[in-house]
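What follows is a short report on a single structure.
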Amino acid sequence: MARREPAVRRARRSGRLSLPRFGPIPWRVVSLLLVLLLAGAGAGLFLNPSFYVSQVEVGGNRYMPPEEVYARSGIAGFHILWVEPERVAEAVAESPSIESAQVSIFWPARVQIRVREREPAVVWQQADSAFWVDVNGNLMVARRELPDLVRIVNQGDSIPFRCPGPGCPPGEEDVTLQPPVIAGALQIKTLRPDVSVLYYSEAIGLSFDDPRGWRVHMGTGVNMDVKLTLYERVVADVLSRGLTPTEVDVSAPDAPFYRTQP
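Residues in the sequence shown are numbered consecutively from 192, following my numbering.
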């Protein structure tokens, strides 16, 4: 009687090997695996401290320290996914010292803030406080001494603000000085580099002390070249008559006047 060979041996001889068959994986198991996978990825994303902002890279700043830019950004400790570049740029640009800001974010938690600062043009002295002012009249914190800037000392209680500024409608809180005041000061400094201090009053405008011992009233505006030429003619005439002025006023070029010592 012939012996029957095992099925595996017969399969090997025939070149075929039978593998065990498994049924389809239940969809519930697949869903559970996906949920566990996503939960693990999410936990890693939000629990890993490397995805949270702990510092920023600041560029373009000359006067404002990087630490202040970072503080104004308001994103310390934020997850990188929560950082909105436009809102961060707006927050930084709220500083009177900043003209504009640009924010870029990179993975995993790298933030770059590039700022354009307002350039100080003059120093405004108000009692014991000093402020920088740019060419457009924006007041800023004076962060250090800049000896090349002309200093304007306010000698009255009135300040030549314009809107937006104090006393303006709500929401217009930027403090700016009237452009003619700043423009006049810069022109005087250009035409008379020896003048380092100017004085301001609402009634007279800008004035400076002549080294020869009297006060010169110049008013405001950009026609300081005309006023300085007129001033030199008036002084020459006064001195030629043996008089010494105590003040010379050319703020109104059509009606200059002077006072002399008694």
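Here a beta-carbon is modelled for each residue, glycine too, at the ideal position from N, C-alpha and C.
Beta-carbon proximity check, P453 vs L421, cutoff 9 Å:
As a working mapping, residue 453 is identified with position 262 in the sequence shown. As a working mapping, residue 421 is identified with position 230 in the sequence shown. No, the Cβ-Cβ distance between P453 and L421 is not below 9 Å.
Using a Cβ-Cβ cut-off of 8 Å (strictly less than) and excluding sequence neighbours within five positions of S241, which residues of its own chain qualify?
As a position in the sequence shown, residue 241 is number 50, starting the count at 1. These residues qualify, in order along the chain: P299, A300.
Cα-Cα separation, G412 to S442
Translated into the one-based positions of the sequence shown, residue 412 becomes position 221. Translated into the one-based positions of the sequence shown, residue 442 becomes position 251. About 9 Å.
Quick check on DSSP: helix, strand or coil for S349?
As a working mapping, residue 349 is identified with position 158 in the sequence shown. In this structure, S349 counts as coil in the three-state DSSP scheme.
I'd like to check one pair, R307 with S295: are the Cβ atoms closer than 9 Å?
Here residue 295 refers to the residue found at position 104 when the sequence shown is read from its first residue. Here residue 307 refers to the residue found at position 116 when the sequence shown is read from its first residue. Going by C-beta atoms, S295 is not nearer than 9 Å to R307.
What first and last residue would you give for the alpha helix (DSSP H) that runs through D416?
Walking along the sequence shown from the start, residue 416 turns up at place 225. It spans 415-431 - the alpha helix (DSSP H) in which D416 sits, taken as one unbroken run.
Out of curiosity, what's the CA-to-CA distance linking V332 and Q317?
Numbered from its first residue, the sequence shown carries residue 332 at position 141. Numbered from its first residue, the sequence shown carries residue 317 at position 126. Using only the alpha carbons, I get a separation of about 12 Å.
Just checking: is the beta-carbon of V260 within a distance shorter than 9 Å of some beta-carbon in chain C?
Within the model displayed, chain C is absent; a lone protein chain is all it includes.
DSSP state of Q170, grouped into three classes?
Examination of residue 170 is not possible in this model, given that the chain is present from 192 through 453 alone.
Which same chain residues, not among the five before or five after W315, have their C-beta less than 6 Å away from its C-beta?
For the purposes of this step, residue 315 is taken as residue 124 along the sequence shown, with counting starting at 1. Within the same chain, W315 has close Cβ partners F322, V324, I343.
Whole angstroms are fine: how far does the CA of S387 sit from the CA of T381?
Position 190 of the sequence shown, counting from 1, holds the residue named residue 381. Position 196 of the sequence shown, counting from 1, holds the residue named residue 387. C-alpha separation (whole angstroms): 11 Å.
By Cβ distance, which residues of its chain are closer than 8 Å to I395, with the 5 residues on each side in sequence left out?
Here residue 395 refers to the residue found at position 204 when the sequence shown is read from its first residue. Hits under 8 Å: H408, G410, D440, S442.
Go to A284, then tell me how far its beta strand (DSSP E) extends in each direction, as first and last residue.
Along the sequence shown, one-based indexing puts residue 284 at 93. Where A284 is concerned, there is no enclosing beta strand (DSSP E), although the alpha helix (DSSP H) it sits in stretches over 276-284.
Could you check if R309 is buried or exposed, using at least 16 other CB atoms within 10 Å of its CB as the buried criterion?
By one-based count along the sequence shown, residue 309 stands at place 118. The residue in question, R309, is buried, as its Cβ has 16 or more Cβ neighbours within 10 Å.
Nearest CA to the CA of G328: which residue from L368, G265, P276?
Position 137 of the sequence shown, counted from the start, is the residue given in the question as residue 328. Considering only alpha carbons, the answer is L368.
Reference R263, options P276, V283, F269, closest by Cα:
As a working note, residue 263 is residue 72 in the sequence shown. Per the Cα distances, V283.
Do you know how far the Cα of V425 is from the Cα of S431?
The count along the sequence shown starts at 1 and reaches residue 431 at position 240. The count along the sequence shown starts at 1 and reaches residue 425 at position 234. So the two alpha carbons sit approximately 10 Å from each other.
Going by beta carbon distance, what residues of the same chain come within less than 8 Å of V454, once the five residues before and after it are set aside?
Nothing can be reported for residue 454: it is not among the residues displayed for the chain, which extend from 192 to 453.
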